[in-house]
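Trainee:
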Amino acid sequence: MAIPGIGNILNIADVTLQTATPEQMPPAPLAANYDLRWGEIARRIGARKLGYNLTVIAPGKLACPFHNHRSQEEMFFILEGSGELRLGNERHPIRSGDIIACPPGGQETAHQIINTGDVEMRFLAVSSNGETDICEYPDSGKYQVIEPAQDETQRSFRIVGRYDSTVDYWEGE
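In terms of the working numbering, the sequence shown is numbered consecutively and its last residue is 176.
And the structure:
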């Protein structure tokens, strides 16, 4: 809960975690690899151009697929736990206190946080908002185009596709 009278302050201990609904989870057996729990922060404190959330990952799990953003920048601050950062073609150990920058770019900036430790990993995720973004998934050859939400209830445009299934620009015109 925000401090009474000061809507821009929230203690991280007061962040309520949400668990992904079945519709948000990947299908079985892939779902066994993921732990999708997060706590909204940005809207609760009145943020406009940055997104913030608290992400929690169980031991041996991932929060999201290996991906990169063409427009959006992300930063992660590891609060508790340890694991591995997959970044481009490299893997790096990470632990409590580490700050990770994931600037926008091509597939060389693709990233994924993996909890390889014995306890839950908790981290603050911060991202730039406001621009249409292309998110690429190098492991699966997919991409996602996301236009920012016009309000807090929906995105106005989102499409997921594969690079090998494009159509000609003039098809159907």
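No residue lacks a Cβ here, since even glycine has one placed at the ideal position from N, Cα and C.
Relative to the alpha-carbon of R125, which residue among L57, Q115, K145 and H70 has its alpha-carbon at the smallest distance?
Mentor: Working through the sequence shown from its first residue, we reach residue 125 at position 122. Out of L57, Q115, K145 and H70, L57 has the C-alpha closest to the C-alpha of R125.
Trainee: Can you tell me whether DSSP reads I162 as helix, strand or coil?
Mentor: As a working mapping, residue 162 is identified with position 159 in the sequence shown. Looking at I162 - three-state DSSP - the assignment turns out to be strand.
Trainee: Touch check for the region 158 to 168 and the region 76 to 83: three-plus C-beta pairs under 8 Å?
Mentor: Contact fails: fewer than three Cβ-Cβ distances are below 8 Å.
Trainee: Runs of 4 residues minimum, wholly inside the region 17 to 50: which ones carry the alpha helix (DSSP H) assignment?
Mentor: none
Trainee: Under DSSP, the beta strand (DSSP E) around V59 begins and ends at which residues?
Mentor: As a working note, residue 59 is residue 56 in the sequence shown. First-last of the beta strand (DSSP E) with V59: L53 to I60.
Trainee: State the Cα-Cα distance for the pair A5 and E176, rounded to the nearest angstrom.
Mentor: Here residue 5 refers to the residue found at position 2 of the sequence shown. Here residue 176 refers to the residue found at position 173 of the sequence shown. Summary for A5: the model assigns pLDDT 49, below 50, so the residue's position carries little reliability; its value from the coordinates is reported in the next sentence. Approximately 53 Å between the Cα atoms of the pair.
Trainee: Applying the criterion that 16 or more other CB atoms from any shown protein chain within 10 Å of the CB defines a buried residue, is I149 buried or exposed?
Mentor: Numbered from its first residue, the sequence shown carries residue 149 at position 146. It counts as buried.
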